[in-house]
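Visitor: If you use the working numbering, the sequence shown corresponds to residues 31 to 180, in order. Got a structure for you, written out below as structure tokens; questions coming shortly.
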Amino acid sequence: EDFGGNPERISVSGHSAGGHLTGMLLSTDWEKNYGLPPNLIKGFLPVSGLFDLKPFPFSWLQPKLLLTSEQVLRNSPVFLKPVYTPHVMVAVGADESHEFQRQSKNYTIFLQKHGVPAEYLSMPGKNHFNIIHDFLGDGGPLCKKIIEWK
31 EDFGGNPERI SVSGHSAGGH LTGMLLSTDW EKNYGLPPNL IKGFLPVSGL
81 FDLKPFPFSW LQPKLLLTSE QVLRNSPVFL KPVYTPHVMV AVGADESHEF
131 QRQSKNYTIF LQKHGVPAEY LSMPGKNHFN IIHDFLGDGG PLCKKIIEWK
């Protein structure tokens, strides 16, 4: 309220690694861990997120990350049961790599199987780098979808 926002309409969005963090927030027990209402965040919009870290140990990043199989499972939203069931829109560019599309589809299905009202959005003409431009200025199709979100 101090910032002019509506505390009853808090939502979280993140792109790429931020999409991963958005997914991690869904498995956070806000009440148990922080004494906050369990439905504090009303909606989530991960954009082009990483939800399954299993491929990372085979990537060029592994020498830097040194991920163990335990860390992969503990930090992959697609393996972490959501604590509550807010509305989720999982967005990915239709021109993104197969891996980003696969992970977004699989994460949407995972959420739906756990009772989360999740929607998969494949954005035509968008790739990993330009999908986020929908949030600039008057906004593009993705931004308009968020505004319509109730």
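Every residue, glycine too, gets a C-beta built ideally from N, C-alpha and C. It should be emphasised that the depicted structure is a prediction, and the values quoted were computed from it without experimental measurement.
Could you compute how far the alpha carbon of F140 sits from the alpha carbon of V108?
Guide: Cα to Cα, the separation comes out at about 7 Å.
Visitor: Quick one: complete beta strand (DSSP E) runs, 3+ long, within the segment 33–60?
Guide: Those beta strand (DSSP E) runs which fall completely within the segment 33–60 and span 3+ residues are 41–45.
Visitor: Just to confirm, does K62 get its C-beta within under 6 Å of one of the non-hydrogen atoms of the ligand PLP?
Guide: The ligand PLP is not part of this structure, which contains no ligands at all.
Visitor: Just the Cα atoms here: how many angstroms apart are K156 and S134?
Guide: Taking the straight line from one Cα to the other gives about 14 Å.
Visitor: Under 8 Å: do the segment 113–120 and the segment 140–152 share three or more Cβ pairs, one atom per stretch?
Guide: Because the criterion of three Cβ pairs below 8 Å is met, the segment 113–120 and the segment 140–152 touch.
Visitor: Identify, in the order they occur along the chain, each residue of the same chain with its Cβ nearer than 8 Å to the Cβ of N136, setting aside the five sequence neighbours on each side.
Guide: Around N136: F81, D82 and V108.
Visitor: Which whole-angstrom value describes the C-beta separation of W60 and L51, a residue pair presumed to lie in contact below a C-beta threshold of 8 Å?
Guide: At roughly 15 Å, the Cβ-Cβ gap does not stay under 8 Å, so W60 and L51 are not in contact.
Visitor: Are the segment 80–100 and the segment 40–59 touching, with three or more C-beta to C-beta distances below 8 Å?
Guide: Output reads yes: the segment 40–59 touches the segment 80–100.
Visitor: Where DSSP assigns a beta bridge to F74, which residues make up the other side?
Guide: Note: F74 sits in a beta bridge opposite V42 and V118.
Visitor: Could you give the residue range of the beta strand (DSSP E) that holds S152?
Guide: Residues A148 to M153.
Visitor: If L75 sits next to I176, beta carbons under 8 Å apart, how far is it from one beta carbon to the other, in whole angstroms?
Guide: Between I176 and L75 the Cβ distance is about 6 Å, and since that is below 8 Å, they are a contact.
Visitor: Residues in the same chain with beta-carbon distance under 7 Å from K111, minus the five sequence neighbours each way, listed in chain order, please.
Guide: Excluding positions up to five away in sequence, the list reads S57 and H144.
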